[in-house]
Amino acid sequence: MPEEDLVDIKFRLYDGSDIGPFRYSATSTVDMLKQRIVSDWPKGKTVVPKAVNEVKLISSGKILENDKTVGQCKVPFGEVAGGIIIMHVVVQPSLAKTKTEKKIDDSPRKTVCSCSIL
Numbered sequence: 789m790p791e792e793d794l795v796d797i798k799f800r801l802y803d804g805s806d807i808g809p810f811r812y813s814a815t816s817t818v819d820m821l822k823q824r825i826v827s828d829w830p831k832g833k834t835v836v837p838k839a840v841n842e843v844k845l846i847s848s849g850k851i852l853e854n855d856k857t858v859g860q861c862k863v864p865f866g867e868v869a870g871g872i873i874i875m876h877v878v879v880q881p882s883l884a885k886t887k888t889e890k891k892i893d894d895s896p897r898k899t900v901c902s903c904s905i906l
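Take 789 as the starting number for the sequence shown in our numbering and just add one per residue.
Structure (structure tokens):
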């Protein structure tokens, strides 16, 4: 594999700590990067992704799509001569569970009348 087909990427976490840098092929997908992040997540962090779909990668202000390759995403990164690309990692837990809990909590409040007649 030629040297120019490899990209060095470092992942910056919410607290400013880093994972990496790692060297990836231009054909690696964003989903593969996310799998690496979940498997190499540092111990002792307060926020821990439970699944790959909870991880969002952001580079140059853009959320990267899972099916895109590093080579396809390289245009927004710009050309960094011999540099390391830093991607920000955001953990966004699944919202399905919290939405159902919220509906259960709101139900009793809607049935109570708060009118006052003076």
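For each residue, glycine too, the CB sits at the ideal point set by N, CA and C.
Mapping the DSSP letters down to three states, classify residue i as helix, strand or coil.
i    : result
L794 : strand
S827 : helix
V835 : coil
D806 : strand
K822 : helix
Less than 8 Å between the CB atoms is what I'm expecting for residue i and residue j, so what's the real figure, rounded?
i    : j    : result
S847 : I825 : So it is not a contact: roughly 13 Å between Cβ atoms.
K822 : V840 : 5 Å
On the criterion of 16 or more Cβ atoms from any shown chain inside 10 Å, does residue i qualify as buried, or is it exposed?
i    : result
L852 : buried
P830 : exposed
V818 : buried
L845 : buried
Let me check one thing: in DSSP terms, what residues is residue i bridge-paired to?
i    : result
M910 : Here the chain has residues from 789 to 906 only, and residue 910 is not among them.
Tell me which same chain residues have a C-beta within less than 7 Å of the C-beta of residue i, skipping the five on either side of it?
i    : result
P799 : Strictly speaking, residue 799 in this sequence is Phe, with Pro absent from that position. Cβ neighbours of F799 beyond the five flanking positions: D806, I807, G808, I825, M875 and V877.
Ignore the nearest five residues each way along the sequence and tell me which others in residue i's own chain have a CB closer than 6 Å to its CB.
i    : result
R811 : L794 and D796
Might you give, ordered along the chain, the residues of its own chain that have their beta carbon closer than 8 Å to the beta carbon of residue i, omitting 5 neighbours on each side?
i    : result
A814 : D793, L794, V795, T857, V858, G859 and K862
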